[in-house]
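Here the structure comes first, spelled out in structure tokens, and everything after it is commentary.
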Amino acid sequence: MKLKTSLASVATLAVMAMSGATVASAQGTLEIVKERGHVRCQVGQPSPGYYNLDSEGNWYGLDVAVCQAVAAAIFGDAAALEIQSVSSQARFTALANGESDLLSRTATWTMTRDTQLGIDFLSPNFYDGQGFTVRVDSGITSAMELAGAKVCVTTGTTTELNLTDFSRVNELDISNVTFEDYNVRDDTYLNGGCDAVTGDKSSMAGNIASFPVPADHMILPETLSKEPLASAVRHGDSQWRDVVQWSIFALINAEELGITMANVDDMRANSTNPNVRRMLGVEGNLHDGLGLDADWAYNIIKNVGNYGEIYEAYMGGGEQGIGIERAGSLNALWTDGGLMYSPPMR
Ligand SMILES: N[C@@H](CCC(=O)N[C@@H](CS)C(=O)NCC(=O)O)C(=O)O
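The opening residue of the sequence shown carries number 4 in our numbering; numbering runs sequentially from there.
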């Protein structure tokens, strides 16, 4: 089914800033979402791997899968969604003022954002780090060779702040050339307007793949920062926070337990593993506190798959994937030495 799409304008957001706060305080988000019949989930401009549009205008990607998981948990329907594409500049305001129920879009969890913007971050669904892309024929092989360089960067991002820090600490005198639209940023770099472009390494890998000649570009080895990319909800609504957080944990826990989209029916009918039985609502009452049906996690896995399946499809080697190796990375399951870890579901 085709997902609804809207592009929030700054003017709309300003109006919502006044009305949204009242709505949010009168009723909890879960109640509002249930009454409305769909989740309003915010992503960014189409970005390979995370949130992209296919030829029929359907959104797909790692962050879109989180939106779909929440919709499936509540409605048993992964398409009960309005996907909102919002600029990086306006993203946190749109969430804080009630325009979006959920933000799922390569946003780095930082202390300032978490404590000063009226929003709360959840567990990261991708651990990234910032890097630089340069043209191979520039001869640059290390970020330390960027002295005096012009670097293209998206504004309103941690990327911009880290670039300034990196230049200052290493006395490189880099000039930041800033853009609201990352496509214009990349075009400027491709047309020679910047010596390098900087961004989250995984996003840049996806972007390079869409450049006219990807092999003409390379990502430098240095990683400038920690970029734990996480979903966020409005501050002060614990019920809604629990629903979104445990939907994300369900994706990770399902992978750990070996529950997949293909075997979830069989697992629900036949598994004797108490962890599987509790998670899939066969026994126990895990769903009670969430305000959802007993099959909330079953619906997630049945409709969206587990974290590993989603990673493979969009970030890994799948047809729509961007080919980022998971093994040995921070995004592996904790049982494989990574950071993907769900607290016990019991
Ligand atoms: N993780 C960083 C950067 C997020 C970001 O802006 N991502 C870039 C790609 S590196 C982007 O423009 N994405 C498209 C969009 O979100 O509109 C942050 O949270 O500030």
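Yeah, the Cβ is synthetic: ideal placement off N, Cα and C, and Gly gets one too.
To which residues does DSSP link residue i through a beta bridge?
| i | result |
| --- | --- |
| H41 | In the DSSP output, where bridge partners are listed per residue, H41 has none listed. |
| K153 | S178 |
| P231 | Y130 |
| T32 | Paired residues: none, contrary to the question. |
| V67 | Answer by DSSP bridge pairing: none, since V67 is not bridged. |
| Y53 | None, per the DSSP bridge assignment. |
| A199 | V137, V154 |
| R237 | I122 |
| T111 | L232 |
| L336 | M343 |
| H220 | R138 |
Could you check which residue in the options has the C-alpha nearest to that of residue i?
| i | options | result |
| --- | --- | --- |
| K204 | G159, A257, E328, Q87 | E328 |
| I143 | Y185, H220, A93, N194 | H220 |
| A68 | D269, I255, V216, G284 | I255 |
| A316 | Q48, G52, K37, V36 | G52 |
| W62 | E85, T158, A97 | E85 |
| F182 | C197, D176, R171 | C197 |
| T161 | G151, R116, V139, V137 | R116 |
| F78 | A300, R188, G31, E174 | A300 |
| D176 | E322, N100, D189, M147 | M147 |
| A152 | F129, Y192, N128 | Y192 |
For residue i, does the three-state DSSP call read helix, strand or coil?
| i | result |
| --- | --- |
| Q248 | helix |
| L193 | helix |
| T161 | helix |
| Q48 | coil |
| N186 | helix |
| E258 | helix |
| T275 | coil |
| R94 | helix |
| A27 | Residue confidence is low: A27 scores 46 on pLDDT, short of 50, so the model does not pin down where it sits. Its coordinate-derived value is still stated next. If DSSP states are grouped into helix, strand and coil, A27 belongs with the helices. |
| L105 | strand |
| A74 | helix |
State the CB to CB distance for the pair residue i and residue j, rounded to an integer number of angstroms; the pair is presumed to be in contact (CB under 8 Å).
| i | j | result |
| --- | --- | --- |
| V246 | L293 | 6 Å |
| S145 | E225 | 7 Å |
| H238 | D123 | 5 Å |
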